[in-house]
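A quick write-up on the structure given underneath.
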Amino acid sequence: MTTTSQEWKFTTKDIAEKPDLFLSGHRACAGCGPASVLRLIMKATRGPTIVTEATGCMEVVSSIYPYTSWALPWLHTAFETAAANASGIEAALKVMRKKGRVKDEHVDIIALAGDGGTYDIGLQALSGAVERGHDFLFVLYDNEGYMNTGIQRSGGTPKGAATTTTPAGKVIPGKMEAKKPISEIMMAHEMPYVATASAYYWRDLLTKMRKGLEVEGPAFLHVFAPCPRGWRTEPAKTMEYAKLAVESCVFPVWEAVNGKRQLSTPSKLIALAPKKKKTLAEYLKGQGRYRHLFTPQNQKLLDEMQRTTDERWERLQKKCEPT
Amino acid sequence: MEKKQVNQHMMALNGDEAIAYAAKQSDVDVVAAYPITPQTIIVEKFSEYVANGEVQTEFICTESEHSALAACIAASATGARTFTASASAGLALMHEMLFVASGCRTPIVMAIANRALSAPLNIHGDQSDSMAQRDSGWIQIYVENSQEAYDSILQAFRIAEDTGVLTPIMVGLDGFTLSHSLENVKVLDDETVKEFVGVRKLPEVLTHEGKMAPFRLDPANPMTMGPIAFPNYYFEFKRQQEEGMRNALDLIQKVNDEYAKLTGRSYGNGLMERYQLDDAEVAVVCVGSTSGTLKTIVDEMRQEGRKVGLLRLRTFRPLPVEALRSTLENVKAIAVMDKSMSFGGNGGAVYHEVRHALYDTKAHPQIVNYIYGLGGRDSSPRELRRVYEDLLHILKTGTVEKHVNYLGLRE
Amino acid sequence: MSREKSWKEIAPAGVCSKSSVGFMTGDWKTYAPVRDLEKCTLCLTCVMFCPDGAIRWRPELGKIEIDYEFCKGCGICANECPTKAIRMTLEQK
Numbered sequence: 005m006t007t008t009s010q011e012w013k014f015t016t017k018d019i020a021e022k023p024d025l026f027l028s029g030h031r032a033c034a035g036c037g038p039a040s041v042l043r044l045i046m047k048a049t050r051g052p053t054i055v056t057e058a059t060g061c062m063e064v065v066s067s068i069y070p071y072t073s074w075a076l077p078w079l080h081t082a083f084e085t086a087a088a089n090a091s092g093i094e095a096a097l098k099v100m101r102k103k104g105r106v107k108d109e110h111v112d113i114i115a116l117a118g119d120g121g122t123y124d125i126g127l128q129a130l131s132g133a134v135e136r137g138h139d140f141l142f143v144l145y146d147n148e149g150y151m152n153t154g155i156q157r158s159g160g161t162p163k164g165a166a167t168t169t170t171p172a173g174k175v176i177p178g179k180m181e182a183k184k185p186i187s188e189i190m191m192a193h194e195m196p197y198v199a200t201a202s203a204y205y206w207r208d209l210l211t212k213m214r215k216g217l218e219v220e221g222p223a224f225l226h227v228f229a230p231c232p233r234g235w236r237t238e239p240a241k242t243m244e245y246a247k248l249a250v251e252s253c254v255f256p257v258w259e260a261v262n263g264k265r266q267l268s269t270p271s272k273l274i275a276l277a278p279k280k281k282k283t284l285a286e287y288l289k290g291q292g293r294y295r296h297l298f299t300p301q302n303q304k305l306l307d308e309m310q311r312t313t314d315e316r317w318e319r320l321q322k323k324c325e326p327t
Numbered sequence: 015m016e017k018k019q020v021n022q023h024m025m026a027l028n029g030d031e032a033i034a035y036a037a038k039q040s041d042v043d044v045v046a047a048y049p050i051t052p053q054t055i056i057v058e059k060f061s062e063y064v065a066n067g068e069v070q071t072e073f074i075c076t077e078s079e080h081s082a083l084a085a086c087i088a089a090s091a092t093g094a095r096t097f098t099a100s101a102s103a104g105l106a107l108m109h110e111m112l113f114v115a116s117g118c119r120t121p122i123v124m125a126i127a128n129r130a131l132s133a134p135l136n137i138h139g140d141q142s143d144s145m146a147q148r149d150s151g152w153i154q155i156y157v158e159n160s161q162e163a164y165d166s167i168l169q170a171f172r173i174a175e176d177t178g179v180l181t182p183i184m185v186g187l188d189g190f191t192l193s194h195s196l197e198n199v200k201v202l203d204d205e206t207v208k209e210f211v212g213v214r215k216l217p218e219v220l221t222h223e224g225k226m227a228p229f230r231l232d233p234a235n236p237m238t239m240g241p242i243a244f245p246n247y248y249f250e251f252k253r254q255q256e257e258g259m260r261n262a263l264d265l266i267q268k269v270n271d272e273y274a275k276l277t278g279r280s281y282g283n284g285l286m287e288r289y290q291l292d293d294a295e296v297a298v299v300c301v302g303s304t305s306g307t308l309k310t311i312v313d314e315m316r317q318e319g320r321k322v323g324l325l326r327l328r329t330f331r332p333l334p335v336e337a338l339r340s341t342l343e344n345v346k347a348i349a350v351m352d353k354s355m356s357f358g359g360n361g362g363a364v365y366h367e368v369r370h371a372l373y374d375t376k377a378h379p380q381i382v383n384y385i386y387g388l389g390g391r392d393s394s395p396r397e398l399r400r401v402y403e404d405l406l407h408i409l410k411t412g413t414v415e416k417h418v419n420y421l422g423l424r425e
Numbered sequence: 009m010s011r012e013k014s015w016k017e018i019a020p021a022g023v024c025s026k027s028s029v030g031f032m033t034g035d036w037k038t039y040a041p042v043r044d045l046e047k048c049t050l051c052l053t054c055v056m057f058c059p060d061g062a063i064r065w066r067p068e069l070g071k072i073e074i075d076y077e078f079c080k081g082c083g084i085c086a087n088e089c090p091t092k093a094i095r096m097t098l099e100q101k
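Quick note, the sequences are listed as chains A, B and C, same order.
Residues in the first sequence are numbered from 5 upward in steps of one, following this note's numbering.
Residues in the second sequence are numbered from 15 upward in steps of one, following this note's numbering.
Residues in the third sequence are numbered from 9 upward in steps of one, following this note's numbering.
Written out as structure tokens, the structure is:
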């Protein structure tokens, strides 16, 4: 049974009136991007849902025994295992339904993870689960670092960013490796649904979240969620940076249904009117993790980063269906 | 006493096949596994059952053992009866998740085709893989032959899933020696197994919504499993696990007895098997299939008038301390066999634990260790007989030359 | 003050016994959001973005309400409000 999200029409009030499934009282930092994303995406659930989460910020802040911020069934086992857990839950429900031991109803399964649980330590389980075709939605809340353990670099940390394991030092100015194109990797799995979204464009985010749930088979949603603590940004500006990342084409938003990729409106507008594209510097300015780039000796690095951003943006546009 | 035994029929099965057959009959819901020698026949056989529609089981061919166990934990947490199998490096890869499985109180049944750990790479049988996991909170049962492997898998579901135990269980069978050797195995009828194993029952727990609900992931009764527990809470959860182990000690015996009434087959009291120990002056303690060879040697030596005996330790976790003590306290010299090593530990795991169990006895027997069979090295009956001869020598002289010995090692 | 429970009294596997709505994070804040009702157009952007669900739409009252018991004072609501109807002010405690 698939309902396309063209059928899911929602007004702001509809969303605002839905009770939170990610409850207040969690211990995320003030201004936490991922927390905002989590609270929001749980509003896109459409029925019985089970969430399994990898170790990380959102897992820890929401499940400090004896308190839980989850108003639905939730399981955490380890750092690598969000997708493996989802596989097990899906299989169990399938069989128990057949044997009449649980209600014969569809249950949406969401695997939730941050950078670590997706790009790096969790990649194997994710790839395996997708290859096996389990019916689940994997949501990556990307704050570009291992934030919970103290802001260490991840495969999702962009080039030039200072982290605690790639500090901006006298000899090496931050992380020297590019951000792993995780969504391209997922595209290469030829899976039914891959999409990127930003915490700022919440309508787009919700639509994609619902679509991901509706898809039969594996779906992957990559959400850009700034971390004021790790990025050294003002907590109040979290959404501003989530917007700038899209406007500067550092993090374009798109969606691919069965491999056919389309830019989403916020990025499409820039593709159609390239003058609207903001410079990388506009996005990086004000982020403590990039502060060292605004020195004369790092100008070259900054220029290179702008070039790479432009190149990736051009390549992406070519991969998308014509607008 | 009248025993109404059930219908059984003979099949030629090796240890792996016997286990797969037992799992097939036990109405397992989910199997998530990754192949590794010498467990491969278990997963292959089970795959055949699945492909032929002989079982109603979801078989997840995971991309690694770590994910296999993670999937099993999640499936079990959803309320499913779960089974898997591994060995050696695969079990080692699961290490992190073993603790998570026992911590999450998921009653997974896992067969381990005991095999040596790398490095160097070795695919043959020894017990280092599961001995290295003895702290992981899993019940550990070691079998002597394929018949016992079959019987123990059936019993394992009953033991693990009991709401007073709720502890995952690994059943170890010696790699290649048992896993790949064909034996006559008496199997029960499907209906008998169904009745014996039953359907998984779930305990009720208090959720954050303030109501009691069956312990599983269920949208109708949301609960949070696997939270972070700070120092002011963590310790209590671990104590709960220990209670599950304590309850297992009793239950393993009960299940063994119930199974004996049904089939005529009993494995000692379920915890250990006593062989010619009543008046034994010296005894060997052994885990696994080598016990079979040792029994033959005991018979031989008894013919010669020697008062020798054997204790086969079947349940290693929970360690049956009281039973070990009462069984062995009057034996004067004991040799403990270890098919694994604890480097730098002055002897193997079983040796340490038997010494620990017997430390407080009045008689305080001499206890020595024989490390043998590492990497699948075979021990001949002649070599094994030497263990008894050494014990008799200790008995005569009253002294021990060397506590830790290596049997069959080229020094 | 309630005593911590013994191992016999708690559910296994860490099944949580309390909802986090019993844990007030409101005392974390230094600055508190104050709404200017005349500027507010009820666009509900603040409600969408709040990471803590501390600013809520109450349909039965037709009002937006701030739950200061949970508000951590991050200021996202004030920063994103299209009509600048929210001001972060130093908390008086």
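Just so you know, even glycine gets a beta-carbon here, dropped at the ideal spot from N, CA and C.
As the structure is a prediction and not an experimental result, all values here were calculated from the model.
message: Quick check: is the beta carbon of Pro233(B) nearer than 8 Å to any beta carbon in chain A?
response: yes
message: Within 8 Å of any Cβ in chain C, is that where the Cβ of Thr16(A) sits?
response: yes
- request: Residues of the region 71 to 88 of chain A with a CB closer than 7 Å to any CB of chain B: list them in chain order, please.
  value: Thr72, Trp74, Ala75, Leu76, Pro77, Trp78, Leu79, His80, Thr81, Ala82, Glu84, Thr85, Ala88
- prompt: What are the start and end residues of the alpha helix (DSSP H) that includes Gly216(A)?
  reply: 206 to 218
message: Is Met15(B) close to chain C? Criterion is C-beta to C-beta, closer than 8 Å.
response: With a pLDDT of 46 at Met15(B), under the threshold of 50, the predicted position of this residue should be treated as unreliable, though the coordinate-derived value follows. Not closer than 8 Å to any Cβ of chain C, the Cβ of Met15(B) fails to qualify, so no.
message: Strictly under 8 Å for the Cβ-Cβ distance: is Val55(C) near chain B by that measure?
response: no
field: Identity of the residue in Pro334(B), Arg320(B), Gly319(B) nearest Arg326(B) by Cα
entry: Pro334(B)
- request: With Met259(B) as the anchor, note down where its beta strand (DSSP E) starts and where it stops.
  value: No beta strand (DSSP E) contains Met259(B), which is instead part of the alpha helix (DSSP H) from 248 to 277.
query: Using the C-alpha atoms, what's the distance from Val299(B) back to Asp264(B)?
result: 21 Å
- prompt: What is the DSSP secondary structure of Ile113(A), counted as helix, strand or coil?
  reply: strand
message: In the DSSP output, what is Thr96(B) paired with across the bridge?
response: Val44(B)
query: For a contact meaning CB atoms closer than 8 Å, what does Ile189(A) contact in chain B?
result: Ordered by position in chain B, no residue passes the 8 Å Cβ test against Ile189(A), which lies about 15 Å from the chain.
message: So if DSSP puts Met96(C) in a beta bridge, which residue, or which two residues, is it bridged to?
response: Pro41(C)
query: Cα separation between Arg157(A) and Gly292(A)?
result: 15 Å
field: Cut-off 7 Å between Cβ atoms - residues of its own chain near His138(A), not counting five sequence neighbours on either side
entry: Ala90, Ser91, Glu94, Pro222
query: If we ignore side chains and look at the alpha-carbon of each, how far apart do Tyr150(A) and Ala229(A) end up?
result: 13 Å
Ala34(A) vs Lys80(C) beta-carbon contact at 8 Å: yes
message: At a cut-off of 7 Å, would you count Arg230(B) as near the ligand ADP, judging by its Cβ distance to the nearest heavy atom?
response: Here there are no bound small molecules, and the ligand ADP is not part of this structure.
- request: Tell me Ala127(B)'s beta-bridge partners as DSSP assigns them.
  value: Leu187(B)
- prompt: Closer than 7 Å, Cβ to any Cβ of chain C: which residues of the region 231 to 264 of chain B, in chain order?
  reply: Met237, Thr238, Met239, Gly240, Pro241, Ala243, Asn246, Glu250, Phe251, Arg253, Gln254
- prompt: Residues of chain A with CB under 8 Å from Met111(B), in chain order?
  reply: Thr81, Ala82, Thr85
query: With a Cβ-Cβ cutoff of 8 Å, do Leu27(A) and Ser73(A) count as a contact?
result: yes
Asp30(B) and Ser193(B) closer than 8 Å at C-beta: yes
task: Give every residue of the same chain whose Cβ lies closer than 8 Å to the Cβ of Met9(C), excluding the five residues on either side of it in the sequence, and list them in chain order.
output: A caution first: Met9(C) carries a pLDDT of 47, below 50, which makes its placement in the model too unreliable to give a value.
- request: With DSSP collapsed to three states, give me the class of Gly263(A).
  value: coil
- request: Could you pull out every unbroken beta strand (DSSP E) segment of at least 3 residues lying fully inside the region 319 to 362 of chain B, listed in chain order?
  value: 322 to 327, 329 to 331, 347 to 352
task: To the nearest angstrom, report how far apart Tyr289(B) and Ala88(A) are at their CA atoms.
output: 45 Å
- request: Can you give me the start and stop residues for the alpha helix (DSSP H) that Ala18(A) sits inside?
  value: The amino acid at residue 18(A) is misidentified as Ala; the sequence shows Asp. Unbroken alpha helix (DSSP H) run through Asp18(A): 16 to 21.
query: Given that a residue counts as buried once 16 or more other Cβ atoms are within 10 Å of its Cβ, and exposed if not, what is Asn87(C)?
result: buried
message: Distance check for Ile54(A) and Val198(A), CA to CA, integer angstroms please.
response: 20 Å
Beta carbon of Leu83(B) nearer than 8 Å to that of Met111(B): yes
- prompt: Given a threshold of 16 other Cβ atoms within 10 Å of its Cβ, counted over all protein chains shown, does Arg319(A) qualify as buried or as exposed?
  reply: exposed
- request: Tell me whether the beta-carbon of Ala262(B) lies closer than 8 Å to the beta-carbon of Pro332(B).
  value: yes
query: At which residues does the beta strand (DSSP E) containing Phe26(A) begin and terminate?
result: That residue, Phe26(A), is in no beta strand (DSSP E); it is neither H nor E in DSSP.
task: Could I get the ranges of all uninterrupted alpha helix (DSSP H) runs contained in the region 120 to 175 of chain A, with 4 residues as the minimum, in chain order?
output: 127 to 135
query: Mind pulling the chain D residues with CB within less than 8 Å of Lys26(C)?
result: In summary, chain D is missing from the structure at hand, where the protein chains are A, B and C.
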